[in-house]
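Undergrad:
Protein chains: 2
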Amino acid sequence: MKVAVVGVTGAVGREMTRILQERHFPVDEFLPLASSRSAGLTVDFDGEEHMVRELSLEALRGADVALVSAGASVSRSFIPEAAAAGTTCIDNSSAFRMEPDVPLSIPEVNPEALEGHPKIVAVPNCTTITAMLAIGPLHRAAGLRSLVMSSYQSVSGAGWKGTRELIEQIAKLHGQEEELGRPDADALPVGEVFGKTIAYNVVAKIGEFADGGYTGEELKIIAEPKKILNLPELHVVATAVRVPVPVGHAVSMVATFDRPISPEEARALLAVAPGVELRDDPANDVYPSPLEAAGLDVALVGRIRQVPDRPDALALFSCADNLRKGAALDAVQIAEYLFTR
Amino acid sequence: MKVAVVGVTGAVGREMTRILQERHFPVDEFLPLASSRSAGLTVDFDGEEHMVRELSLEALRGADVALVSAGASVSRSFIPEAAAAGTTCIDNSSAFRMEPDVPLSIPEVNPEALEGHPKIVAVPNCTTITAMLAIGPLHRAAGLRSLVMSSYQSVSGAGWKGTRELIEQIAKLHGQEEELGRPDADALPVGEVFGKTIAYNVVAKIGEFADGGYTGEELKIIAEPKKILNLPELHVVATAVRVPVPVGHAVSMVATFDRPISPEEARALLAVAPGVELRDDPANDVYPSPLEAAGLDVALVGRIRQVPDRPDALALFSCADNLRKGAALDAVQIAEYLFTR
Numbered sequence: 016m017k018v019a020v021v022g023v024t025g026a027v028g029r030e031m032t033r034i035l036q037e038r039h040f041p042v043d044e045f046l047p048l049a050s051s052r053s054a055g056l057t058v059d060f061d062g063e064e065h066m067v068r069e070l071s072l073e074a075l076r077g078a079d080v081a082l083v084s085a086g087a088s089v090s091r092s093f094i095p096e097a098a099a100a101g102t103t104c105i106d107n108s109s110a111f112r113m114e115p116d117v118p119l120s121i122p123e124v125n126p127e128a129l130e131g132h133p134k135i136v137a138v139p140n141c142t143t144i145t146a147m148l149a150i151g152p153l154h155r156a157a158g159l160r161s162l163v164m165s166s167y168q169s170v171s172g173a174g175w176k177g178t179r180e181l182i183e184q185i186a187k188l189h190g191q192e193e194e195l196g197r198p199d200a201d202a203l204p205v206g207e208v209f210g211k212t213i214a215y216n217v218v219a220k221i222g223e224f225a226d227g228g229y230t231g232e233e234l235k236i237i238a239e240p241k242k243i244l245n246l247p248e249l250h251v252v253a254t255a256v257r258v259p260v261p262v263g264h265a266v267s268m269v270a271t272f273d274r275p276i277s278p279e280e281a282r283a284l285l286a287v288a289p290g291v292e293l294r295d296d297p298a299n300d301v302y303p304s305p306l307e308a309a310g311l312d313v314a315l316v317g318r319i320r321q322v323p324d325r326p327d328a329l330a331l332f333s334c335a336d337n338l339r340k341g342a343a344l345d346a347v348q349i350a351e352y353l354f355t356r
Numbered sequence: 016m017k018v019a020v021v022g023v024t025g026a027v028g029r030e031m032t033r034i035l036q037e038r039h040f041p042v043d044e045f046l047p048l049a050s051s052r053s054a055g056l057t058v059d060f061d062g063e064e065h066m067v068r069e070l071s072l073e074a075l076r077g078a079d080v081a082l083v084s085a086g087a088s089v090s091r092s093f094i095p096e097a098a099a100a101g102t103t104c105i106d107n108s109s110a111f112r113m114e115p116d117v118p119l120s121i122p123e124v125n126p127e128a129l130e131g132h133p134k135i136v137a138v139p140n141c142t143t144i145t146a147m148l149a150i151g152p153l154h155r156a157a158g159l160r161s162l163v164m165s166s167y168q169s170v171s172g173a174g175w176k177g178t179r180e181l182i183e184q185i186a187k188l189h190g191q192e193e194e195l196g197r198p199d200a201d202a203l204p205v206g207e208v209f210g211k212t213i214a215y216n217v218v219a220k221i222g223e224f225a226d227g228g229y230t231g232e233e234l235k236i237i238a239e240p241k242k243i244l245n246l247p248e249l250h251v252v253a254t255a256v257r258v259p260v261p262v263g264h265a266v267s268m269v270a271t272f273d274r275p276i277s278p279e280e281a282r283a284l285l286a287v288a289p290g291v292e293l294r295d296d297p298a299n300d301v302y303p304s305p306l307e308a309a310g311l312d313v314a315l316v317g318r319i320r321q322v323p324d325r326p327d328a329l330a331l332f333s334c335a336d337n338l339r340k341g342a343a344l345d346a347v348q349i350a351e352y353l354f355t356r
């Protein structure tokens, strides 16, 4: 198989390249593609150096599958034509997620969406994946009615430049942490990526403000669960917050269901759920954190509690590596489902 | 007036001492008290050095008011006797908050609780205050029915030792941020305060695990709003999360009300609410963050949105300085209400 990675030098592209090798995806020819800025760099694949080429339809010609993580506008610019030319495009951006004829799939949660040989498949938002890996099995058992989410999203969700901005700001502020109790607003570093200081702060804006005061990120994680779970009437609300963590997203959720469901039942369901590792044993101080989820291929789920006086509602906390499980791994798993089952 | 600060060398005690001076509370005699560990240190008050004495009923004798921030077990050990001896004790700990005859007050939200010359008054939890300053005015207008909270709490909520633990861990990990995408679990620093690595992570456990898998902190912020708003049947659920921020708590909330309430109405109410500064203008990129709330005497409230398809429900985000507005300032404002109106 001829496999392209588009955006291969980015944070998610690097993980896609790693994961194709880790999982022994049957790659006969590896095509590393990126913007003109990165063309000419080299990428290691299976022990050989490959030169990165600039993305074009010509460069993609003959590719069986393209794993794409280059931003929504780049995806829009080439995916429809590449798919028409025969390349199955698995896209990590938001460009096609809500298109009715494009599957939006987490293979552990809604593999049925991948039936019918789709030529374009969308990978959900990284926070959506972190949430749905935990919620999917509970929904199948008890019927999800509503979902309230507050996220704790790492800076690598904004790519390398997000990680660099955090590191630079930490370098500036480390040693002055105690003075941040009365910060001099004019002296606080503000970068181009996060809009406010992200070091030693949390920033309740991801993406641009849009309809009704929601951010772009919030609108994604509100819309996507309805499509993934095939629940157009689901009630969802979300607040998306950036936190000064390099890798690993977390999401605090309150979910209501069609019938009573206890924490014990939820734990039993999640203990055997694919893509999930249950970390929920308060008596032994076991609960998940995003730094512990970094580098893993599963979401860590814990803090499962009954909502007071609500036998039909649970609170829970899920953490996943936003670059791997929340993006690159989902893309590779979709490719596996389509090509190697 | 003879005014004691108990726990005067702590993070909140220092702010109490500052705020008494900033607000010109009528202090004739200043009594700085602390544990034996801190006895003999000096504290500046109105330009004079005062020697810290060890806390005892003898040392408190004759004090008109004691502002106390020394932890729940210390508070339990002396407040009932000190109050019986005539000292009005305003306590920042959780020791007496849920006692039926002890007012739990945020003067801007429920000043009525302070009527009747109480001798013990409890200051609510810092996250409760951050939430209630925003919710109180909305409740008075539209009747609060339910509240879902996820918090983003700074390390100074655990005192100086919390701030130190963050600084030490940042010192260890700074320069290795990119490796935290695949962390070596055995090499991650874990301190005594937070149980997990708090630098570059978030920790979804504050206090100890208790009933139903809730933490001590969560049980406080679930119980306290019911008492403050005099709504024993209120539905509240909370997830309390520590974040690597030195000072400033944030809380993401979804609130439902007895009647429809729009973001515009909520903004109009909060624009004139005491103790609140509205920071909510998405068109001009205005929204609050905890680092911006640090050092302020108001909660910054923004990100007000209608919950989709729910005219009776709002999402919002409130940030406050957990040492000042969330603790020390509330205590001084209670003292002002009781003694200087």
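First to last, the sequence lines map onto chains W and C.
Residues 16 to 356 (this note's numbering) are what the first sequence spells out, left to right.
Residues 16 to 356 (this note's numbering) are what the second sequence spells out, left to right.
We put the CB at the ideal spot given by N, CA and C, even for glycine.
Inspect the beta-carbon positions of W/Leu284 and W/Leu148 and report whether they are closer than 8 Å.
TA: no
Undergrad: Rounding to the nearest angstrom, what Cα-Cα distance links C/Val18 and C/Glu44 in this structure?
TA: 6 Å
Undergrad: Among C/Val67, C/Gln191, C/Val136 and C/Val124, which one has its Cα closest to the Cα of C/Arg155?
TA: C/Val124
Undergrad: Report all residues from its chain with a CB closer than 6 Å to the CB of W/Val80; omit the five preceding and five following residues, and keep chain order.
TA: Hits under 6 Å: Val18, Thr103 and Ala350.
Undergrad: So, for C/Gly55: in the same chain, excluding its five sequence neighbours on each side, which residues have a beta-carbon less than 7 Å away from its beta-carbon?
TA: Met66 and Val67
Undergrad: Does the beta-carbon of W/Gly190 have 16 or more other beta-carbons within 10 angstroms, so that it is buried, or is it exposed?
TA: With fewer than 16 Cβ atoms within 10 Å of its Cβ, W/Gly190 is classed as exposed.
Undergrad: How would you write the range of the beta strand (DSSP E) that W/Val368 sits in, first residue to last?
TA: Shown here, chain W extends from 16 to 356; a query on residue 368 of chain W therefore has no answer.
Undergrad: Using a Cβ-Cβ cutoff of 8 Å, what residues of the region 150-174 of chain C are near chain A? List them in chain order.
TA: Of the protein chains in the structure, W and C, none is chain A.
Undergrad: With a cut-off of 8 Å, does the C-beta of W/Gln321 fall near any C-beta of chain C?
TA: yes
Undergrad: Can you give the Cα-Cα distance for W/Gln321 and W/Ala328, rounded to whole angstroms?
TA: The alpha-carbon atoms of W/Gln321 and W/Ala328 are separated by roughly 6 Å.
Undergrad: I'd like the ranges of any alpha helix (DSSP H) spanning at least 4 consecutive residues and lying wholly in the region 79-146 of chain C.
TA: 87-99
Undergrad: Short of 7 Å in beta carbon distance, which residues of its chain neighbour W/Ala157, apart from the five on each side in sequence? Order them along the chain.
TA: Phe272, Asp273, Arg274 and Ile276
Undergrad: Rounded to whole angstroms, how far is the Cβ of C/Val316 from the Cβ of C/Asp295, which I believe are closer than 8 Å?
TA: 7 Å
Undergrad: Quick check: the region 234-241 of chain C against the region 329-342 of chain W, are at least 3 beta-carbon pairs closer than 8 Å?
TA: no
Undergrad: Check each candidate in C/Gln184, C/Asp345 and C/Asn245 and name the one with the smallest Cα separation from C/Val260.
TA: C/Gln184
Undergrad: So, using beta-carbon positions, are C/Gly210 and W/Arg318 closer together than 8 Å?
TA: no
Undergrad: At a cut-off of 7 Å, is C/Arg33 close to the ligand HEM when judged by its beta-carbon and the heavy atoms of the ligand?
TA: As far as ligands go, the structure on display features none, and thus does not contain the ligand HEM.
Undergrad: Quick check: what's the CA-CA separation for C/Gly177 versus C/Val208?
TA: 6 Å
Undergrad: Where does C/Gly210 fall in DSSP's three states?
TA: coil
Undergrad: What three-state label does DSSP hand W/His154 in the structure shown?
TA: helix
Undergrad: Where does W/Gly177 fall in DSSP's three states?
TA: helix
Undergrad: So, C/Pro305 versus C/Ala265, is the Cβ gap smaller than 8 Å?
TA: Yes, the Cβ-Cβ distance between C/Pro305 and C/Ala265 is below 8 Å.
Undergrad: Okay, do the region 126-142 of chain W and the region 117-136 of chain C touch, 3+ Cβ pairs below 8 Å being the bar?
TA: Short answer: they don't touch.
Undergrad: Just the chain W side, please: which residues come within less than 8 Å of C/Ile237 by C-beta, in chain order?
TA: Pro323
Undergrad: What first and last residue would you give for the beta strand (DSSP E) that runs through W/Glu327?
TA: What sits at residue 327 of chain W in the sequence shown is Asp, not Glu. W/Asp327 -> beta strand (DSSP E) spans Arg325 to Ala335.
Undergrad: Kindly list the residues whose CB is nearer than 7 Å to the CB of C/Pro346, restricted to its own chain and excluding five residues on each side of it in sequence; keep chain order.
TA: The sequence given here has Ala at residue 346 of chain C, not Pro. Shown here for C/Ala346: same chain residues with a beta carbon closer than 7 Å to its own, the five before and five after excluded, namely Met31, Leu82, Ile105, Asn107 and Val138 in chain order.
Undergrad: Please go through the same chain and pick out, in chain order, the residues whose beta-carbon is closer than 7 Å to the beta-carbon of W/Ala98, but skip the five residues on each side of it.
TA: Cys104, Lys134 and Ile135
Undergrad: To which residues does DSSP link W/Phe40 through a beta bridge?
TA: Answer by DSSP bridge pairing: none, since W/Phe40 is not bridged.
Undergrad: Applying a beta-carbon distance threshold of less than 9 Å, which residues of chain C neighbour W/Val117?
TA: Residues of chain C passing the Cβ test: none, with the nearest at roughly 23 Å.
Undergrad: Is W/Ala110 closer than 8 Å to W/Ala87 when the C-beta atoms are compared?
TA: yes
Undergrad: What does a CB cutoff of less than 6 Å around W/Gly28 pick up in its chain, not counting 5 residues either side in sequence?
TA: Val20, Gly22 and Ser84
Undergrad: Report yes or no: is there a C-beta of chain W within less than 8 Å of the C-beta of C/Arg282?
TA: It does not: the Cβ of C/Arg282 has no partner Cβ on chain W nearer than 8 Å.
Undergrad: Let me see if you follow: with CB-CB separation under 8 Å, is C/Thr212 close to chain W or not?
TA: Taking 8 Å as the threshold, the shortest C-beta distance from C/Thr212 to chain W falls below it.
Undergrad: Have a look at W/Ser120, W/Leu188, W/Leu72 and W/Glu63 and flag the residue whose alpha-carbon is nearest the alpha-carbon of W/Asn245.
TA: W/Ser120
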